[in-house]
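Just so you know, we're using the working numbering here: the sequence shown kicks off at 514 and counts up by one.
Beta carbons: idealized from backbone N, C-alpha and C, even for Gly.
Just so it is clear, the structure is predicted and the values come from calculations on it, not from any experiment.
Below you'll find the structure, written out as structure tokens, and then a few comments.
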Amino acid sequence: PEMTAVNIHDILDRAKRSAQLGFGAHIKFEEEYDPSLPFAVADGDQLLQVVLNLIKNASEACKDGGKIKLKTSFDHSFRLRRSDGSGQALPLQIQIFDNGPGLPADIRDQVFDPFVSGKENGTGLGLALASKIISDHDGWISVDSIPGNTVFTIALAAISAKNNSFYSEVS
Numbered sequence: 514p515e516m517t518a519v520n521i522h523d524i525l526d527r528a529k530r531s532a533q534l535g536f537g538a539h540i541k542f543e544e545e546y547d548p549s550l551p552f553a554v555a556d557g558d559q560l561l562q563v564v565l566n567l568i569k570n571a572s573e574a575c576k577d578g579g580k581i582k583l584k585t586s587f588d589h590s591f592r593l594r595r596s597d598g599s600g601q602a603l604p605l606q607i608q609i610f611d612n613g614p615g616l617p618a619d620i621r622d623q624v625f626d627p628f629v630s631g632k633e634n635g636t637g638l639g640l641a642l643a644s645k646i647i648s649d650h651d652g653w654i655s656v657d658s659i660p661g662n663t664v665f666t667i668a669l670a671a672i673s674a675k676n677n678s679f680y681s682e683v684s
């Protein structure tokens with residue numbers, strides 16, 4: 514990934530606008546953004562691909578009258594522990610909620626595995642790719658799903674005062 518400082522809200526807005534012009538035209542979108550969110554350390558194009566994929570899945574799951582909420586927040590306490598014992602703070606939270614029927618119980622725990630799909634003609638590669646991209650960002654992606662409320666959560670690292678200078682030197 515080509516890591517730079519990325520405004521998450523710009524990514525979410527681009528994905529939403531794209532969805533509204535096509536596959537998500539029947540969806541009512543709602544935003545709940547944290548205005549104080551710092552920039553993420555991410556590859557903007559890859560992150561856009563992940564968000565578009567999640568919104569597309571949510572749109573397909575929702576019938577007419579479907580709702581998708583895009584939410585951002587900052588969680589100081591969220592950390593990812595690596596296998597070597599080191600930790601990484603992932604305070605930037607992106608959540609995508611939908612009011613569709615939920616993930617089938619028999620695949621809920623494997624949705625990020627390749628070739629697992631709840632769609633009739635699905636390849637099962639979309640969420641596997643999303644998971645790989647977020648993992649390549651040293652981030653975290655998870656899902657909670659019950660009928661009427663599915664939420665995908667992405668956690669990413671934020672630009673800090675410490676690594677802000679690094680990015681200004683590189684660019």
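- At a Cβ-Cβ threshold of 8 Å, LEU642 and GLY631 do not count as neighbours.
- For GLN608, DSSP records a beta bridge to LYS584, THR666.
- In this model, LEU593 and LYS576 are separated by some 35 Å (Cα to Cα).
- GLN601: member of the beta strand (DSSP E) spanning 600 to 602, first to last residue.
- Bridge pairing for SER648: absent [DSSP].
- In this structure, DSSP gives ASP657 an extended state, which the three-state scheme calls strand.
- Residue pairing by DSSP places THR517 opposite ALA555 in a beta bridge.
- The beta-carbon distance between LEU605 and LEU550, rounded to whole angstroms, is 7 Å. This is short enough to meet the 8 Å contact definition.
- The residue from ARG527, ASP588, SER644 with its alpha-carbon nearest to that of GLN601 is ASP588.
- In chain order, ALA571, ALA574, CYS575, GLY579, THR663 place their CB closer than 7 Å to the CB of GLY613, counting only its own chain and leaving out the 5 sequence neighbours on each side.
- Spatial neighbours of PRO660 in its own chain (CB-CB distance under 6 Å, excluding positions within 5 residues in sequence) are listed in chain order as PRO614, GLY615.
- Cβ neighbours of PHE536 within its own chain (closer than 6 Å, five residues either side excluded): LYS569, SER572.
- For the set HIS539, THR585, GLN533, the Cα lying nearest the Cα of ALA553 is the one of THR585.
- Counting along the chain, the unbroken beta strand (DSSP E) around PHE542 starts and ends at 541 to 545.
- Within the DSSP bridge table, the entry for ARG592 names ALA602 as partners.
- ILE607 sits away from ILE540, with the two beta carbons spaced by 8 Å or more.
- Inclusion of ASP649 and PRO514 in the CB contact set at 8 Å is warranted, their separation being smaller than that value.
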